[in-house]
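The opening position of the sequence shown corresponds to residue -15 in the numbering used here, with each subsequent residue numbered one higher. Virtual Cβ for every residue (Gly too), placed ideally from N, Cα, C.
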Amino acid sequence: MKNDIIIAGCGVGGLYAALNLPEDKNIVIITKDKAENCDSFLAQGGICMQRDDEDYDSYFEDTLRAGHYENRQESVDIMIRSSRDIINDLISYGVDFQKDENGELSFTREGAHSKPRILYHEDITGEEITSKLLAEVRKRKNIRIYEYVSMIDIIEYKGKVRGVIASSAPDNELALNNPHVKADNGSLVFELRAPEVIWATGGIGGLYAHSTNYPHLTGDALAIALKHNIPLENPDYVQIHPTTLFSNKKGRAFLISESVRGEGAILLDKNNNRFVDELLPRDVVSHAIFEQMEKDNTEHVWLSMAPIPREEILTHFKHIYEECLKEGYDCTKEPIPVVPAQHYFMGGVHVDKYSETSLKHLYAVGETSCNGVHGANRLASNSLLESLVFAKRAALKISHELENIQIRKHNIVIDLNKYTNLDKIAAGYALSVNTEIERMRLYHEQHNNDIKHRPVNIASA
Ligand SMILES: Cc1cc2nc3c(=O)[nH]c(=O)nc-3n(C[C@H](O)[C@H](O)[C@H](O)COP(=O)(O)OP(=O)(O)OC[C@H]3O[C@@H](n4cnc5c(N)ncnc54)[C@H](O)[C@@H]3O)c2cc1C
């Protein structure tokens, strides 16, 4: 079957792009892991929406202030003005946001928001949104999802993208139905052609020792971009979340959502004293925590939910409550230990306002892309919205393109044997992304005296 669009990644970015593409086009979604294993499923706090006309100015200003005024203002404007339509769309797919006693949408607040404008579903908003999008995608006959398939390169020919090179298990149907070779570790490496490609491969948490992200999110698209001279934007803008549950266990750090602080939780040092305004932007709070840990010579600080009514904790923050219990803490009765961890990637593959990269017909959406919305630091709960808004814009531009381009068969010869050492490729990609992050970090340090807002460097994995 001929493919019209290949999408790498099936978080909110990839899924929503697919849903906004024409139903008479063949769409293939490949994802490195199980479809549900993406950061979109992990989002806790919620998703922003411009509440009314009066909210525009303050929402705009909050986003810019959090981003240290390095945001692309046009992108911020597009995101805010599109927010209501996106939320209506989600509701039409069955997404169930919290409502008040009158049946109106309820809003919560998070750090650096001047007012409540965040919609939520308990403390599992990401799962609520992404599972509904995934269910909708699974109903569409024109969209096929292939799990445990990794993009390892793109096919570039005469200044345009023409498809991807991917790897999979030896019995993968997609690989077997396309030109393929056997890799050194027994996997298959294969080519997959299409005139349009969307990168929706998420963040870079897998490159760090301590992160809230899934470990398989290793910034592969960024490495492929570097290889093909596709510009990145601010790859050193990495957000550290101030509050993840401190644990001696290995693996993904469990996030304690910012809305916990938004609802009143306070940060305490080892002597039970407050040391920072908890609602300052994330980077500022993270810095304050690192400083306090150094002063106190501790591995964490404490977060007390005492100001939040017990009933609210058990309903709004049910999953956080349960996760803390698993670690031995009853957060309705005692403070919990928290520590900052890598959380979000503001930088990414540079894209325009339609999410197009510098390579023709190659788009990037979601966390892997940088359209400039977040500037140097993301405002809480802006990323799901930003991913959805710009995924839809990519889909609409591609739909238009597909109506107007003549698709020709090209005789491109690809040497798949170059890709058989998959471990070496993965290690090389991680190295090239880390090197670029460090290069840009030094560049920004040298060209900007006010580097207080730069993300704290935490160890790479
Ligand atoms: C714990 C946590 C809580 C969060 N809470 C919030 C919140 O409350 N509000 C908010 O707005 N944002 C929140 N975020 C951020 C938000 O969830 C993400 O920014 C957003 O979901 C990113 O969506 P995405 O589609 O870009 O990527 P993801 O959802 O991460 O999806 C990436 C996809 O790419 C696939 N992939 C990766 N590499 C490859 C490859 N080489 N080949 C094929 N597939 C590949 C993965 O398997 C996955 O399917 C949170 C993030 C985390 C980690």
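query: Does the separation of the CB atoms of residue 107 and residue 230 fall below 8 angstroms?; result: no
query: From residue 164 to residue 79, what does the alpha carbon distance come to, in whole angstroms?; result: 40 angstroms
query: Need the endpoints of the alpha helix (DSSP H) that residue 376 sits in, please.; result: 367 to 388
query: Return yes when the C-beta of residue 33 is under 7 angstroms from any heavy atom of ligand 1, and no when it is not.; result: no
query: In whole angstroms, what separates the C-alpha of residue 362 from that of residue 225?; result: 10 angstroms
query: Is residue 413 closer than 8 angstroms to residue 204 when the C-beta atoms are compared?; result: yes
query: Select from 424, 374, 346 the residue whose C-alpha is nearest the C-alpha of residue 208.; result: 346
query: Taking DSSP as the reference, what is the three-state secondary structure of residue 308?; result: helix
query: Taking all protein chains shown into account, do 16 or more other C-beta atoms lie within 10 angstroms of the C-beta of residue 8, making it buried, or fewer, making it exposed?; result: exposed
query: Which ranges would you report for the alpha helix (DSSP H) in the region 258 to 293 if only whole runs of at least 4 residues count?; result: 266 to 280
query: Only counting the same chain, and skipping five residues up and downstream in sequence, which positions put a Cβ closer than 8 angstroms to that of residue 257?; result: none
query: Using DSSP bridges, identify the partner residues of residue 225.; result: 325
query: Under 7 angstroms: does the beta carbon of residue 446 sit that close to some heavy atom of ligand 1?; result: One cannot answer for residue 446 here, as it falls past the ends of the chain, which runs -15 to 445.
query: Could you tell me whether the region 9 to 20 touches the region 55 to 75, using the rule of 3 or more Cβ pairs below 8 angstroms?; result: no
query: Could you work out which residue in 35, 69, 304 is closest to residue 373 when comparing CA atoms only?; result: 69
query: Could you tell me the alpha carbon to alpha carbon distance between residue 339 and residue 378, rounded to whole angstroms?; result: 5 angstroms
query: Run through the DSSP bridge pairs and tell me what residue 174 is partnered with.; result: 150, 164
query: Please classify residue 92 as buried or exposed, where buried requires at least 16 neighbouring CB atoms within 10 angstroms.; result: buried
query: Give the straight-line distance between the Cα atoms of residue 309 and residue 22, rounded to the nearest whole angstrom.; result: 24 angstroms
query: May I have the straight-line CA-CA distance separating residue 432 from residue 1, to the nearest angstrom?; result: 36 angstroms
query: Given a threshold of 16 other Cβ atoms within 10 Å of its Cβ, counted over all protein chains shown, does residue 97 qualify as buried or as exposed?; result: buried
query: Cβ of residue 156 within 8 angstroms of Cβ of residue 176?; result: no
query: Looking at the secondary structure, which residues open and close the alpha helix (DSSP H) in which residue 332 lies?; result: First-last for residue 332: 332 to 334, but that is the beta strand (DSSP E), not the alpha helix (DSSP H).
query: Leaving out five residues on either side along the sequence, give the residues of the same chain with a beta carbon under 7 angstroms from the beta carbon of residue 55.; result: 47, 48, 356, 357, 358, 359
query: Closer than 6 angstroms by C-beta to residue 32: which residues in its own chain qualify, once you throw out the five before and the five after it? Chain order, please.; result: 101, 102, 365, 366, 369
query: How would you call residue 334, buried or exposed, if buried means at least 16 neighbouring beta carbons within 10 angstroms?; result: buried
query: Below 8 angstroms on the Cβ atoms is my contact criterion, and I expect residue 239 with residue 228 to pass it. Report the Cβ-Cβ distance as a whole number of Å.; result: 5 angstroms
query: Tell me which residue opens and which closes the alpha helix (DSSP H) that residue 182 is part of.; result: Careful: residue 182 lies outside any alpha helix (DSSP H), inside the beta strand (DSSP E) at 180 to 183.
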